[in-house]
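Step one of this worksheet: look at the structure below.
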Amino acid sequence: MIAFFSALKEEREAVRRSWSLKPAGSMKGLELEMGDGCLHVCSGMGGERMGSAVELVQKTFNPQVFILVGFSVGLDPALRVGDLVYDERSTRTLIGRGGFVGRVATCGYLITASQKRTFAEKYPASPVADLETEAFLEAVSPSAERLVLRVVSDSVDSDLPLNFGEFVTEKGFPDVKAIGLKVATRPHLLPKLLKVGREAGVAVQALAGELEKHREELRARYQWAVL
Numbered sequence: 000m001i002a003f004f005s006a007l008k009e010e011r012e013a014v015r016r017s018w019s020l021k022p023a024g025s026m027k028g029l030e031l032e033m034g035d036g037c038l039h040v041c042s043g044m045g046g047e048r049m050g051s052a053v054e055l056v057q058k059t060f061n062p063q064v065f066i067l068v069g070f071s072v073g074l075d076p077a078l079r080v081g082d083l084v085y086d087e088r089s090t091r092t093l094i095g096r097g098g099f100v101g102r103v104a105t106c107g108y109l110i111t112a113s114q115k116r117t118f119a120e121k122y123p124a125s126p127v128a129d130l131e132t133e134a135f136l137e138a139v140s141p142s143a144e145r146l147v148l149r150v151v152s153d154s155v156d157s158d159l160p161l162n163f164g165e166f167v168t169e170k171g172f173p174d175v176k177a178i179g180l181k182v183a184t185r186p187h188l189l190p191k192l193l194k195v196g197r198e199a200g201v202a203v204q205a206l207a208g209e210l211e212k213h214r215e216e217l218r219a220r221y222q223w224a225v226l
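Printed below as a string of structure tokens:
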């Protein structure tokens, strides 16, 4: 079995498009979706949530391969929204040819271009950074294969309109209602938020396309484990 993980529901859309997932209930509050020989869990943002999700799936289903997909902030000025990065600690035979390869750094919320550039200077060998990759890799069993596929959702030289870390539900997802109330009092933020949404769409499309390229290869490789 192949287990997919993402932190955001927007990231999950990439797996839905490429692997035809369907709702399959929940596990301890985590939404579970299943497809042909695979499952997906959306953990919510943050390393602790991701680590707990991996441990739960590992204990319940014992997958043969774990795949983390999602958004990352670009640290390399050459990277643009939609560019793909495979973490170099992934199982070598699972790394595709459709992106860059490097070590994903672990960061907090990076909002301004200044914050991003300062962080990038500390991690010159890392093309991207996020909140979950390190926790994901630490939680996966050493005997299991693993793949980390990230996509740039905001580049190093861009400012985000809000500190999204301040608008998070108790389950770790963006608090749409709170964001909406904030925009109602600061309407000048709306065009910038719409830009963030468009760039998220570009990132999802890139992720879905890369996952679709490798779908049949992965299915053939793990066909004995199809549900």
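Mapping the sequence shown onto numbering that gives the first Met the number 0, position 134 (from 1) lands on 133, and the numbers just tick up by one.
Glycine is no exception: its CB is placed at the ideal position from the N, C-alpha and C atoms.
Drop a sphere of 10 angstroms on the beta-carbon of residue i, count the other beta-carbons inside from all chains shown, and report buried for 16 or more, exposed for fewer.
i	result
GLU131	buried
GLY73	buried
ALA199	buried
GLY34	buried
GLY69	buried
LEU206	buried
PRO62	buried
GLY98	buried
ALA183	exposed
ALA119	buried
ARG96	exposed
GLU32	buried
Please report the straight-line C-alpha distance between residue i and residue j, rounded to a whole angstrom.
i	j	result
SER125	GLU137	18 Å
ASP158	ALA112	5 Å
ALA177	PHE135	28 Å
LYS121	LYS115	10 Å
LEU188	ARG197	14 Å
ASP174	GLU10	16 Å
VAL84	LEU78	10 Å
PRO141	GLY28	26 Å
LYS212	PRO190	34 Å
GLU12	LEU180	26 Å
GLY208	LYS58	30 Å
ASP75	ARG149	14 Å
VAL139	PRO22	24 Å
Could you tell me how far apart the beta carbons of residue i and residue j are, in whole angstroms, since I believe they sit closer than 8 Å?
i	j	result
THR90	LEU20	In fact, because the Cβ distance is near 22 Å, the residues do not count as touching under 8 Å.
VAL151	VAL80	5 Å
### Task
Could you tell me which uninterrupted alpha helix (DSSP H) segments, each at least 4 residues in length, are contained entirely in the region 101 to 125, listed from first to last along the chain?
112 to 121
### Query
Fully enclosed by the region 123 to 199, which alpha helix (DSSP H) runs are 4 residues long or longer?
132 to 138 and 175 to 184
### Message
Would you call the region 159 to 173 in contact with the region 32 to 48, where contact means no fewer than 3 C-beta pairs closer than 8 Å?
### Response
yes
### Task
Could you tell me which uninterrupted alpha helix (DSSP H) segments, each at least 4 residues in length, are contained entirely in the region 33 to 82, listed from first to last along the chain?
46 to 60
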